[in-house]
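In the numbering used here, the protein residues as written are 899 to 1292.
Structure first, then comments.
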Amino acid sequence: MPEARLRRVSSQRFLPAFKFIAVALCATAFLLPGAQAAKKEKTTAAKTSVAKKAKGPVPVEVKRNASSGKRVANRSEKAEKVVRGGRNVVATIRKKNGKTVVAVQRRSVVRVETPARQSFGQMAGLHGTDDALDLKSSVALVIDQDTHEVLFSKNDHAVLPIASLTKLMTGLLISEARLPNDELITITQDDVDTEKGSRSRLTVGTMLSRGELLHLALMSSENRAAHALGRTYPGGLSTFVSIMNAKAKMLGMKDTRYVEPTGLSSRNQSSAQDLALLVNAAYADATVRSLSTSPEYQVEVGNRVLQFNTTNRLVKSPDWEIGVQKTGFINEAGQCLVMQAKVAGRKLIMVFLDSAGKFSRIADAERVRRWVEATHAVPGSPAASRSVSYQVAG
899 MPEARLRRVS
909 SQRFLPAFKF
919 IAVALCATAF
929 LLPGAQAAKK
939 EKTTAAKTSV
949 AKKAKGPVPV
959 EVKRNASSGK
969 RVANRSEKAE
979 KVVRGGRNVV
989 ATIRKKNGKT
999 VVAVQRRSVV
1009 RVETPARQSF
1019 GQMAGLHGTD
1029 DALDLKSSVA
1039 LVIDQDTHEV
1049 LFSKNDHAVL
1059 PIASLTKLMT
1069 GLLISEARLP
1079 NDELITITQD
1089 DVDTEKGSRS
1099 RLTVGTMLSR
1109 GELLHLALMS
1119 SENRAAHALG
1129 RTYPGGLSTF
1139 VSIMNAKAKM
1149 LGMKDTRYVE
1159 PTGLSSRNQS
1169 SAQDLALLVN
1179 AAYADATVRS
1189 LSTSPEYQVE
1199 VGNRVLQFNT
1209 TNRLVKSPDW
1219 EIGVQKTGFI
1229 NEAGQCLVMQ
1239 AKVAGRKLIM
1249 VFLDSAGKFS
1259 RIADAERVRR
1269 WVEATHAVPG
1279 SPAASRSVSY
1289 QVAG
């Protein structure tokens, strides 16, 4: 019994060793195919490397990234360079098979345009009003100055911003005040436009006479000149604006309001009916007539001579005999024009407000002139004696 027991215990001592051997054999059988495949792949790579060395080095293309300046390796082509020919053009220069190849690429650009700012007349729908002359101005009025006969009207009671037509009232009041025209006035920071940010050649510190400033305000619509005239009026700017409104009331301009002397503010507003009254009053002032119809004017500023020109090209036209005139423009008002002119033997007052294009107010005036010559000429006038044919749109 004791002997048999000892034999059984001895066989159990070798059981762990048998298990280890079995596990090792299984692992070898599983991993051996993978090891052989890896060895074969390594041998193939070594052969390929030897073959490449025998043929020589492989050309490497070098690209420069425009934004980071880093080099990027590419084994397809040789020595590439990227050149920018503007914001939307990129040229790639590379060597290929001994030749220089240039590839130009244009990038498509999508432009988003900001819609044009509408005038008060456009927002009110006044441009939708049809008229017999097909005018581009949303408001128009043509009156015989002597008989007060209305020859043409379109939205003539609409109250709109009047832009630099304001300066006609400014000039009239300065002229009527009989202030010394030779008194020197200095342009200050107060005269700089903070309403629209408009530019001026009359820099701060410029010194001109009152007469010179009045000339520039009426002829070339100089904003700083007009503001300086109002600022230096006896009592100051606020007094001057009050007198502007009092004068408008005295003339019967019931729908007119002024808040400053240049017209840069859209709160300066009036109607065609009111502006016709202002043109009639301005025509009665010899100084305003002369300066507003001046074609050009020079002023000395320091060591320089500045040339200024009229803002109304009709002043220089031989087809027109203009007694007084004024133009105006801000986005809220559109293109504006008022005139007193002799047409076909008649003295006419013309008002054009809120015209839609840069030159359309001039075109509207020309259209009215031809229409008056064709249909309302005074008997015996040169226009009446000519044979004029004019087709009225409508």
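Backbone N, C-alpha and C define an ideal beta-carbon position, used for all residues, glycine too.
Every value quoted in this text rests on a predicted model; they were computed, and no experiment measured them.
For a test of the three-state rule: what should DSSP assign to Y1195, helix, strand or coil? strand
How many angstroms separate the CA atom of D1032 from the CA atom of S1279? In this model, D1032 and S1279 are separated by some 26 Å (Cα to Cα).
Nearest-angstrom Cα distance between L1063 and E1047? C-alpha separation (whole angstroms): 23 Å.
Distance between K979 and A989 (C-alpha atoms, nearest Å): 8 Å
To which residues of the same chain is N1201 closer than 6 Å at the C-beta, ignoring the five residues directly before and after it? none
Cα-Cα separation between V1270 and K1256, rounded to whole angstroms: When rounded, the distance between both Cα atoms is 23 Å.
Let me make sure I understand the geometry here. Which of T1045, N1143 and G1226 has the alpha-carbon closest to that of S1118? Out of T1045, N1143 and G1226, G1226 has the C-alpha closest to the C-alpha of S1118.
Same chain only: Cβ atoms within 7 Å of L1176, ignoring 5 sequence neighbours per side: L1066, M1067, L1149 and M1151
Determine the burial state of R1267: buried for a count of at least 16 other Cβ atoms within 10 Å of its Cβ, exposed for fewer. buried
Only counting runs of 3 or more residues, tell me where the beta strand (DSSP E) segments fall wholly within the stretch 1145 to 1199, in order along the chain. Counting only runs of 3 or more, we get 1194 to 1199.
How is N1121 classed by DSSP in three states: helix, strand or coil? helix
Grouping DSSP H, G and I as helix and E and B as strand, with all else coil, what is A1088? According to the sequence as given, residue 1088 is Asp; it is not Ala. Judged by DSSP in its simplified three-state form, D1088 adopts helix.
Which residue marks the beginning of the alpha helix (DSSP H) containing T1225, and which one marks its end? T1225 -> not in any alpha helix (DSSP H); beta strand (DSSP E) instead, spanning I1220 to I1228.
CB-CB under 7 Å to D1153, same chain, minus the five flanking residues each way: which ones, in chain order? V1057, S1168, S1169 and D1172
For D1252, which residues of its own chain have a beta-carbon under 8 Å away from its beta-carbon, when the five flanking residues on both sides are left out? S1017, F1018, G1019, Q1020, L1024, H1025, S1035, S1036, V1037, L1058, A1231, G1232, Q1233 and C1234
Here's the rule: buried if 16 or more other CB atoms are within 10 angstroms of the residue's CB, otherwise exposed. What is P1132? exposed
Using beta carbons (cut-off 9 Å, strictly below), is S1215 in contact with chain B? Within the model displayed, chain B is absent; a lone protein chain is all it includes.
Excluding the 5 residues flanking L1077 on each side, which residues of the same chain have their C-beta closer than 7 Å to its C-beta? R1108
Who are the Cβ neighbours of L1100 in its own chain at under 7 Å, not counting the five residues just before and after it? Taken in chain order, the residues that qualify are I1085, E1120, R1122 and A1123.
Using DSSP bridges, identify the partner residues of R1268. Answer is none; R1268 lacks a bridge partner.
State the DSSP-derived secondary structure class of D1042, mapped to helix, strand or coil. Under the three-state reduction of DSSP, D1042 is assigned to strand.
When you compare only the Cα positions, how much space is there between H1274 and G1069? 32 Å
Could you tell me which of E1074, N1210 and S1140 sits nearest to S1258, measuring between CA atoms? N1210
Outcome for Q1238 when other beta-carbon atoms lying within 10 angstroms are tallied against a minimum of 16: buried
Count the other C-beta atoms from every protein chain shown that fall within 10 angstroms of the C-beta of S1164, then say buried if there are 16 or more, exposed otherwise. buried
Hey, how far is the Cα of A1263 from the Cα of I1083? 36 Å
Cβ-based neighbour list, A892, same chain, cut-off 7 Å, excluding 5 preceding and 5 following: Residue 892 is absent from the structure shown; the chain starts at 899 and stops at 1292.
Determine the DSSP secondary structure at R1076, reduced to helix, strand or coil. coil
How many angstroms separate the CA atom of N1053 from the CA atom of I1060? 14 Å
Outcome for R1097 when other beta-carbon atoms lying within 10 angstroms are tallied against a minimum of 16: In the assembly as shown, R1097 is an exposed residue. Its beta-carbon has fewer than 16 other beta-carbons within 10 Å.
Q1020 by DSSP, collapsed to three states: which one? helix
Would the beta-carbon of L1246 fall within 9 Å of that of I1041? A contact, by the Cβ cut-off of 9 Å.
To the nearest whole angstrom, what separates the beta carbons of I1228 and K1094, a pair I think is in contact under 8 Å? Indeed they touch by this definition, with Cβ atoms about 6 Å apart.
Rounded Cβ spacing between V1222 and V1276 (contact assumed at less than 8 Å): About 21 Å separates the two Cβ atoms, so there is no contact after all.
Candidates Q1196, A1180, A1075 and E1198: closest to S1190 by CA position: A1180
Whole-angstrom distance between S1051 and A1272, CA atom to CA atom: Their backbone Cα atoms lie some 17 Å apart in a straight line.
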